[in-house]
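If you count the sequence shown from 1, you need to add 19 to reach my numbering.
Yeah, the Cβ is synthetic: ideal placement off N, Cα and C, and Gly gets one too.
Report on one structure; see the data block that follows.
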Amino acid sequence: MIALRTWFVQRSKREQRLLLVMAALAVVTIVWGLIIRPAANALSSARERHAAAVIRLGETHNLVDALRQARRAPPIVGTLTEIVRTRAEEAGFPLASIDPDGGDGVRVAIASARGAALSTWLARLERYGIVVESAALTDNGDRTVAARLVLRSRGQ
20 MIALRTWFVQ RSKREQRLLL VMAALAVVTI VWGLIIRPAA NALSSARERH
70 AAAVIRLGET HNLVDALRQA RRAPPIVGTL TEIVRTRAEE AGFPLASIDP
120 DGGDGVRVAI ASARGAALST WLARLERYGI VVESAALTDN GDRTVAARLV
170 LRSRGQ
C-alpha cells in the first residue's frame, strides 16, 4: 500500500486527477455491473412472475366459479323418463327403449349414435342434474355405437 501511495505522489497533478477520475469510473462501473444491474434484472423477473401468477390466479377463480355454477343444476321438473326422452329427441337420438329403474332412475337403450355426439349429450345431461350411473357402449362397426345407460337424478 505504501508503494502505491509513493507511486501516486510521484505523478503530476494532472495525472493524479486522471487516475482519480479513472478509479471513480471503475468503482461506478463495478457497482453498476455487479450490484445494480443484477438487482434490476431480478426485480424485473420477479414482476413478470408475479404478473403471471396473478393471471393464473384469476383464471383459476374463473374455473372454480364455472364449476360451482355447473354443480348448481336447475331443479328437475317432471319425471326423469320424460326429461331424458325430451333431451334425446332434441339431440336427435332415437331411443330404442326407456324404462324406469327403481324410483329414481331410468334405463336407456340407444341403437345407433356417434360417440362424440353421445358424450356431448351426456355432458349436457349432467349439467341439467342427471348423472350417468353406468354406461355400456358397443361398436356397431359403422363409426357409431350402441349404448345402454342407467341415468339418475343428481343427489339421489
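DSSP three-state call for residue i: helix, strand or coil?
i      : result
Gly52  : helix
Gly148 : coil
Asp84  : helix
Thr163 : coil
Gly124 : strand
Ser172 : strand
Ser131 : strand
Thr157 : strand
Ser31  : coil
Pro119 : strand
With C-beta atoms as the reference, is residue i less than 8 Å away from residue j?
i      : j      : result
Gly124 : Val164 : no
Asn159 : Ser138 : no
Leu141 : Glu152 : no
Is it right to say residue i is buried, meaning 16 or more other beta carbons lie within 10 angstroms of its own, or is it exposed?
i      : result
Leu76  : exposed
Arg46  : In the sequence under discussion, the amino acid at residue 46 is Val, which differs from the Arg named in the question. Looking at its Cβ environment, which holds fewer than 16 other Cβ atoms inside 10 Å, Val46 is exposed.
Phe27  : exposed
Gly111 : exposed
Pick out whichever of the options has its Cα sitting closest to the Cα of residue i.
i      : options                      : result
Arg126 : Ser63, Gly111, Arg167, Ile49 : Arg167
Ala128 : Arg173, Ala71, Ala58, Ala154 : Ala154
Tell me, please, whether the stretch 116-135 touches the stretch 98-105 by the rule of three or more beta-carbon pairs shorter than 8 Å.
yes
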